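Notes follow the structure.
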Amino acid sequence: MDTGGKDMPKQLDKVYDPKQVEDKTYRFWQDGGYFHAEPNPDKKPYTIVIPPPNITGRLHMGHALDETLQDILIRWRRMQGYEALWLPGTDHASIATEAKIVEAMRQEGVTKEQLGREGFLERAWAWKREYGGHILDQLKKLGSSCDWQRERFTLDEGCSRAVREVFVRFFEQGLIYRGERIVNWCPHCLSTISDIEVEYEEKDGFFWHINYPIVGTDDVLEIATTRPETLLGDTAVAVHPDDERYKHLIGKMVLLPIVNKQIPIVADEYVEMDFGTGVVKITPAHDPNDFEVGLRHGLPIVNVMNDDATINENGGKYKGLTREECRRQIVKDLEDGGFLKAVEPYKHNVGSCYRCGSVIEPRVSKQWFVKMEPLAKPAVEAVRSGRTRFIPERFDKIYFNWMENIKDWCISRQLWWGHRIPAWYCTGCGEMIVSRETPQTCPKCGSHRLEQDPDTLDTWFSSALWPFSTLGWPDDTPELRYFYPTDTLVTGYDIIFFWVARMIFSGLAHMDEAPFKTVLIHGLVRDAQGRKMSKSLGNGIDPLEIIDRYGADALRFTLATGNSPGNDMRFSDEKVNASRNFANKIWNASRFILMNLSDDVEPGLPETLNIEDKWVLSKYRTLVREVTDNLEKFELGLAVQKLYDFIWDILCDWYIELCKSRLQAGGETSEAAQRVLVYVMTGTLKLLHPFMPFITEEIWQALPHDGESIMVATWPQADAALDFSADESDFEMIMQVIRAIRARRGEMNVPPSKKTRLFIMTAHKAVFEQGRPFFARLAFASDVELGDSFDADGSVQVVTDAARVFIPMDELVDREKELARLGREKAACEKDIAALSSKLDNPGFVAKAPAQVVDGERAKLAKARERLAKIEESIAAFS
Numbered sequence: 001m002d003t004g005g006k007d008m009p010k011q012l013d014k015v016y017d018p019k020q021v022e023d024k025t026y027r028f029w030q031d032g033g034y035f036h037a038e039p040n041p042d043k044k045p046y047t048i049v050i051p052p053p054n055i056t057g058r059l060h061m062g063h064a065l066d067e068t069l070q071d072i073l074i075r076w077r078r079m080q081g082y083e084a085l086w087l088p089g090t091d092h093a094s095i096a097t098e099a100k101i102v103e104a105m106r107q108e109g110v111t112k113e114q115l116g117r118e119g120f121l122e123r124a125w126a127w128k129r130e131y132g133g134h135i136l137d138q139l140k141k142l143g144s145s146c147d148w149q150r151e152r153f154t155l156d157e158g159c160s161r162a163v164r165e166v167f168v169r170f171f172e173q174g175l176i177y178r179g180e181r182i183v184n185w186c187p188h189c190l191s192t193i194s195d196i197e198v199e200y201e202e203k204d205g206f207f208w209h210i211n212y213p214i215v216g217t218d219d220v221l222e223i224a225t226t227r228p229e230t231l232l233g234d235t236a237v238a239v240h241p242d243d244e245r246y247k248h249l250i251g252k253m254v255l256l257p258i259v260n261k262q263i264p265i266v267a268d269e270y271v272e273m274d275f276g277t278g279v280v281k282i283t284p285a286h287d288p289n290d291f292e293v294g295l296r297h298g299l300p301i302v303n304v305m306n307d308d309a310t311i312n313e314n315g316g317k318y319k320g321l322t323r324e325e326c327r328r329q330i331v332k333d334l335e336d337g338g339f340l341k342a343v344e345p346y347k348h349n350v351g352s353c354y355r356c357g358s359v360i361e362p363r364v365s366k367q368w369f370v371k372m373e374p375l376a377k378p379a380v381e382a383v384r385s386g387r388t389r390f391i392p393e394r395f396d397k398i399y400f401n402w403m404e405n406i407k408d409w410c411i412s413r414q415l416w417w418g419h420r421i422p423a424w425y426c427t428g429c430g431e432m433i434v435s436r437e438t439p440q441t442c443p444k445c446g447s448h449r450l451e452q453d454p455d456t457l458d459t460w461f462s463s464a465l466w467p468f469s470t471l472g473w474p475d476d477t478p479e480l481r482y483f484y485p486t487d488t489l490v491t492g493y494d495i496i497f498f499w500v501a502r503m504i505f506s507g508l509a510h511m512d513e514a515p516f517k518t519v520l521i522h523g524l525v526r527d528a529q530g531r532k533m534s535k536s537l538g539n540g541i542d543p544l545e546i547i548d549r550y551g552a553d554a555l556r557f558t559l560a561t562g563n564s565p566g567n568d569m570r571f572s573d574e575k576v577n578a579s580r581n582f583a584n585k586i587w588n589a590s591r592f593i594l595m596n597l598s599d600d601v602e603p604g605l606p607e608t609l610n611i612e613d614k615w616v617l618s619k620y621r622t623l624v625r626e627v628t629d630n631l632e633k634f635e636l637g638l639a640v641q642k643l644y645d646f647i648w649d650i651l652c653d654w655y656i657e658l659c660k661s662r663l664q665a666g667g668e669t670s671e672a673a674q675r676v677l678v679y680v681m682t683g684t685l686k687l688l689h690p691f692m693p694f695i696t697e698e699i700w701q702a703l704p705h706d707g708e709s710i711m712v713a714t715w716p717q718a719d720a721a722l723d724f725s726a727d728e729s730d731f732e733m734i735m736q737v738i739r740a741i742r743a744r745r746g747e748m749n750v751p752p753s754k755k756t757r758l759f760i761m762t763a764h765k766a767v768f769e770q771g772r773p774f775f776a777r778l779a780f781a782s783d784v785e786l787g788d789s790f791d792a793d794g795s796v797q798v799v800t801d802a803a804r805v806f807i808p809m810d811e812l813v814d815r816e817k818e819l820a821r822l823g824r825e826k827a828a829c830e831k832d833i834a835a836l837s838s839k840l841d842n843p844g845f846v847a848k849a850p851a852q853v854v855d856g857e858r859a860k861l862a863k864a865r866e867r868l869a870k871i872e873e874s875i876a877a878f879s
């Protein structure tokens, strides 16, 4: 059992002001070194690596939720005695950062080419030094207890060495290769981009139905396409091998309209017989599915676009046109040539670059790829076997589906900011060298004329190594041995594939162990209407503004409340205001306790406990057990709701009220109440600390306590000595009667100042005997009489499971005055019902008024009838 504290109590300010507390408290934590973790053979490790935010980023609600959940877990485990490491850092964000720097240069009239690669990188590093840490500073405002001494950056020296080591290993193992495949190409950024960097939006478009003449016949094959400009790169048309309509045409040729080139009709199961005409144009250079069909049938690959999406020399007379201009001209030419059969409006998803908004062009390009099939298999098995589990479990199905159908990963980017690919080409003999160290000579011909590949690696390539590269890999460091594998990864469901999956296969490939035991998946933070927050809607909410207005604890508590793994949540000012009110409730309760503490109050619990003491201690013991259990199961929303209910209802609204007369009485009963209050409040503050760290630290420091900081105090245990379940049950009987009496008095509009006698008929006299002072204080009793039976005449009855209570009617109300008042209320209510019924019985009103107005009037009538029924019940009670 916790023995309480040694320090003398301090006073708290009258009003809690987060601005006066939060920065000061955060400095206190940092100065104390409480965030730092070291390999410790006497403790179990608990590790979380932060999903590294982009250095270009600014804290948004998604970050705030993600970091809050991580901080709750790390603070909880730290208090439980684990050597808890929350490792922070940032991602270099190749495309986003380069775009931002290029835009700043454009405004100065400077281009990348003018600066050259080295000059540009100098400028990029200068930008990173000035702005790159802003988002981490913002995380500190949220209260994030990261080990800032271990801060990492995906382009720092250690991470860069790890990236090169992985690239070379994979290349040596035949898992990295260079070849031509379909990629997502941004014609504005002039680079490949990853799947996660493509944003899809449903747009209005068209299906252009085009007739392809069958060579040697008067027949045609009808195809439909949303991108007629790619017709220039068609090298076949395809039908399903089982399609009876077209079986006889397989192997024949069609004439490609406008281009006047003959291309074959091939059979491939990729074609859906029941979609459209069942005939598909095959453009291997500009469609990922067509590319696979092309490989299967050995079709030529004809790329008709330049890097900037203008038409190249393969486009013939359309050379030099933009793809949009080309589309318009080809549609006109098809129509003029009699090939265009129909144009059909069609909605479809169009992918665009998340950074610049340009429409993405799928195109064949010579790039570097990771061979995924051999890496995906062990990553699937790690989750199937339970070595890594998803919370909630339903996300493993999405993971399996993606991993089991994964395609090779394009890892090269045509950018300067990032990890440059460690491959060199000999200008003399063309030899390619992939090396950990920069080569000086060509191993084949001895030439010194070597040029490094100009491309950089996909940002996700380096972040896939984050759980072990940040701990010192490829070196065998003490941190790597102690803290790896990490325990929990917290992330949104939108990057399971792009980051989580890549970390899992990378960890297995290089550490022979999955990088984390649990992946906690959270949803999105939506606005009050349930909409996704976005710039276009203008409904984004700045967490820093919320912190400035309400405090970090209120924001954190709001994000945790109602949170359940995998599900989206709605954010509103009303919710965060309620969280601030909760903080004020805790503050005021703590001030009350402090104002009633003696300077010499003894620590720990008293030897003699009243029934109400045993009740609150038993409730507290249950709270400790359930909150701990909820946290173990990652049910953070349930844990915080139980804390809210206990603090607001059990501690503040009941126990503190029950203690007031004892605190005023002085002597032993006052000291006992003080000691129980301090014990329960300090323990509850510990349970609440991971969710609301600032206010709990400030109050805990004011209350008698042991230790330097609440964040390194011992997490409460469900002490068997506090199992007062029988006393708890007994006291609940008393509370149930008090609630019932107060509710009945409320129904009858009896003011608290009106005291009455209570006659309680119960089989639990000994229990209710202990409740006498509570009935006087909380049920407004002038006197309490316990017995086996009472005369019910002229009494109001209140019935609970444990007792029947009789209250003399004439002590509650003046019968005649109350009947007169109820009569007036009844008359007014009947008048309302008559008016509303008349309106709704009028066919003209119902027919002409908007449905919303009619429904509103019907709702008013229903409420009025309910009110009349209650009034009549009250009148009957007096008869």
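Take the sequence shown: its position 714, counting from 1, is numbered 714 in full-length UniProt numbering, and each next residue is one higher.
Every residue gets a Cβ at the ideal spot worked out from N, C-alpha and C, and that includes glycine.
Since the structure is predicted, the reported quantities are computational estimates derived from the model, not experimental observations.
C-alpha distance - residue i paired with residue j, whole-angstrom precision
{"i": "Val680", "j": "Tyr26", "result": "25 Å"}
{"i": "Gly119", "j": "Ile391", "result": "46 Å"}
{"i": "Asp553", "j": "Thr491", "result": "21 Å"}
{"i": "Glu671", "j": "Cys659", "result": "11 Å"}
{"i": "Gly540", "j": "Val576", "result": "15 Å"}
{"i": "Leu232", "j": "Lys532", "result": "39 Å"}
{"i": "Gly5", "j": "Asp599", "result": "The pLDDT assigned to Gly5 is 42, lower than 50, so where the model puts this residue is not dependable, and the model offers no usable value."}
{"i": "Leu819", "j": "Lys642", "result": "43 Å"}
{"i": "Gly278", "j": "Val254", "result": "15 Å"}
{"i": "Leu87", "j": "Leu73", "result": "13 Å"}
{"i": "Val266", "j": "Met273", "result": "14 Å"}
{"i": "Glu151", "j": "Pro474", "result": "18 Å"}
{"i": "Lys44", "j": "Ile50", "result": "20 Å"}
{"i": "Ala639", "j": "Leu65", "result": "16 Å"}
{"i": "Val239", "j": "Tyr246", "result": "7 Å"}
{"i": "Met61", "j": "Asp542", "result": "7 Å"}
{"i": "Met432", "j": "Ile360", "result": "30 Å"}
Beta-carbon separation (whole angstroms), residue i vs residue j, contact threshold 8 Å
{"i": "Leu341", "j": "His188", "result": "In the sequence as displayed, the identity of residue 341 is Lys instead of Leu. So it is not a contact: roughly 34 Å between Cβ atoms."}
{"i": "Leu840", "j": "Leu861", "result": "7 Å"}
{"i": "Val350", "j": "Ala285", "result": "Contact doesn't hold; Cβ gap of about 19 Å is too wide."}
{"i": "Leu677", "j": "Ile710", "result": "Leu677 to Ile710, Cβ: 17 Å. No contact."}
{"i": "residue 924", "j": "Ile807", "result": "No answer is possible for residue 924: it lies beyond the span of the chain, which begins at 1 and ends at 879."}
{"i": "Lys281", "j": "Asp234", "result": "5 Å"}
Residue burial classification, residue i (beta-carbon count within 10 angstroms, cutoff 16)
{"i": "Arg328", "result": "exposed"}
{"i": "Trp125", "result": "exposed"}
{"i": "Glu67", "result": "buried"}
{"i": "Asp268", "result": "buried"}
{"i": "Val215", "result": "exposed"}
{"i": "Tyr200", "result": "exposed"}
{"i": "Glu769", "result": "exposed"}
{"i": "Thr427", "result": "exposed"}
Helix, strand or coil at residue i according to DSSP, with G and I counted as helix
{"i": "Thr682", "result": "helix"}
{"i": "Ile360", "result": "coil"}
{"i": "Ala639", "result": "helix"}
{"i": "Ile800", "result": "Note that residue 800 is Thr in the sequence shown here, rather than Ile. DSSP places Thr800 in coil when its eight states are reduced to three."}
{"i": "Trp406", "result": "The sequence given here places Ile at residue 406; Trp does not occur at that position. Ile406 falls in the coil class under three-state DSSP."}
Residue-chain proximity (residue i, chain D), Cβ-Cβ < 9 Å
{"i": "Thr682", "result": "Considering every chain present, this structure includes no chain D. It has just one protein chain."}
Next item on the list: Evaluate contact between the stretch 153-160 and the stretch 461-474, counting only Cβ atoms and requiring at least three cross-stretch pairs below 8 Å.
Entry: Output reads yes: the stretch 461-474 touches the stretch 153-160.
Notebook entry, point to check: Per the contact definition of three or more C-beta pairs closer than 8 Å, is the stretch 522-529 in contact with the stretch 564-572?
Noted result: Yes, the stretch 564-572 touches the stretch 522-529.
Next item on the list: Report yes or no: do the stretch 754-770 and the stretch 802-816 share at least 3 C-beta pairs separated by less than 8 Å?
Entry: Inter-segment contact for the stretch 754-770 and the stretch 802-816 is present: three or more beta-carbon pairs are separated by less than 8 Å.
Next item on the list: Would you check if the stretch 367-384 and the stretch 168-187 touch, i.e. whether three or more CB-CB distances between them fall below 8 Å?
Entry: Between the stretch 168-187 and the stretch 367-384, the count of C-beta pairs closer than 8 Å reaches three or more; the two stretches touch.
Checklist line | Given 8 Å, three or more beta-carbon pairs between the stretch 687-698 and the stretch 572-587 | finding: Result yes; three or more Cβ-Cβ pairs closer than 8 Å.
Check: Touch check for the stretch 438-453 and the stretch 477-496: three-plus C-beta pairs under 8 Å?
Finding: Between the stretch 438-453 and the stretch 477-496 there are fewer than three inter-stretch CB-CB distances shorter than 8 Å, so the stretches are not counted as touching.
Checklist line | Cβ contact (3+ pairs, closer than 8 Å) linking the stretch 380-397 and the stretch 491-505 | finding: In short, these stretches touch, since the Cβ pair count reaches three.
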